[in-house]
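Below is one structure, written out as structure tokens; the observations come after it.
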Ligand SMILES: Nc1ncnc2c1ncn2[C@@H]1O[C@H](COP(=O)(O)OP(=O)(O)OP(=O)(O)O)[C@@H](O)[C@H]1O
Ligand SMILES: [Mg+2]
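In the numbering used here, the protein residues as written are 81 to 297.
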């Protein structure tokens, strides 16, 4: 059972500028999708539309399992997550930042503790769990954002430029996190990047956005 996503005929305009033009793409296979394209071409916009944060002007987003459409309700929103390029954190410990997503879903106790520990271990931040999240470096903050997403066990994880503002060491750690997610069949991953070498290192499916459309390359 794999959650798949089909975007069909998506159009989106901001202030008179047509950003997405009849953009269609299906994410129906497991593995890592890497989306590239020039600054301002609409990658982040497309990810927000795919994750139901924003509505397209026209076109459809469908989620499905084994060809059967899934309702776009709260339950679906638990199965997909978008991590933004600049992760915002709460003024509290790393642990509480990660546990928050479980708390609002009514998950506490031992289950929460174990899931948080596992997510922090996965992003190599377990040793920082009692530190205030505001004191993390930008690379660590990005990893915290990924841990917060992972603790929910999403089936499709969207990462918008996860390494844009982090150093080489953290870039390596984040790439390993993404590759380990694939190794462990944890989630389909969709990431955007401007780093061609990174795209080559990660991509099972390499996509480019051009003139408001996504093309496989
Ligand atoms: N909410 C918004 N209101 C107005 N304009 C917007 C909005 N969101 C995006 N845009 C504009 O739409 C265009 C596409 O932006 P988007 O962030 O999707 O591009 P991108 O491909 O992600 O770029 P980058 O590689 O720089 O991250 C840009 O010109 C941006 O200014
Ligand atoms: Mg962007």
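Glycine included, every Cβ here is placed at the ideal spot set by N, Cα and C.
Here the structure is a predicted model, which means the values were calculated and not measured.
Just to confirm, is the Cβ distance from residue i to residue j under 8 Å?
i           : j           : result
residue 240 : residue 124 : yes
residue 162 : residue 205 : no
residue 229 : residue 237 : yes
residue 113 : residue 259 : no
residue 178 : residue 227 : yes
residue 279 : residue 116 : yes
residue 157 : residue 132 : yes
residue 167 : residue 222 : yes
Tell me which residue opens and which closes the alpha helix (DSSP H) that residue i is part of.
i           : result
residue 277 : 276-282
residue 130 : 123-130
residue 223 : 218-230
residue 256 : 248-263
residue 202 : 189-202
residue 154 : 154-157
In whole angstroms, what separates the C-alpha of residue i from that of residue j?
i           : j           : result
residue 252 : residue 261 : 14 Å
residue 143 : residue 104 : 14 Å
residue 234 : residue 159 : 4 Å
residue 244 : residue 184 : 29 Å
residue 247 : residue 165 : 14 Å
residue 214 : residue 170 : 7 Å
residue 97  : residue 121 : 11 Å
residue 224 : residue 198 : 12 Å
residue 141 : residue 111 : 20 Å
residue 297 : residue 255 : 21 Å
residue 107 : residue 130 : 10 Å
residue 209 : residue 154 : 29 Å
residue 268 : residue 192 : 23 Å
residue 232 : residue 242 : 18 Å
residue 146 : residue 284 : 21 Å
residue 137 : residue 190 : 44 Å
residue 139 : residue 87  : 8 Å
residue 202 : residue 266 : 12 Å
residue 219 : residue 211 : 15 Å
residue 135 : residue 148 : 22 Å
residue 186 : residue 196 : 14 Å
So who's on the other strand from residue i, going by DSSP bridges?
i           : result
residue 84  : 144
residue 177 : In DSSP, residue 177 forms no bridge with anything.
residue 106 : 86
residue 92  : 100
residue 209 : Its beta-bridge partners do not exist; DSSP assigns none.
residue 116 : 288
residue 150 : 143
residue 237 : 161, 269
Can you tell me where the beta strand (DSSP E) holding residue i begins and where it ends?
i           : result
residue 64  : With the chain represented from 81 up to 297, any question about residue 64 goes unanswered, as that position is not in the structure.
residue 268 : 268-272
residue 242 : Here residue 242 belongs to no beta strand (DSSP E), and DSSP marks it neither H nor E.
residue 215 : Counting along the chain, residue 215 falls outside any beta strand (DSSP E), and DSSP gives it neither H nor E.
residue 294 : 293-296
residue 163 : 160-163
Got a sec: does ligand 3 put a non-hydrogen atom nearer than 7 Å to the Cβ of residue i?
i           : result
residue 172 : Of the ligands one can find in the structure shown, namely ligand 1 and ligand 2, none is ligand 3.
**Request:** Say whether the segment 84-102 touches the segment 287-294, bearing in mind that this needs 3 or more beta-carbon pairs closer than 8 Å, one atom from each stretch.
**Result:** Flag = yes, the segment 84-102 and the segment 287-294 touch.
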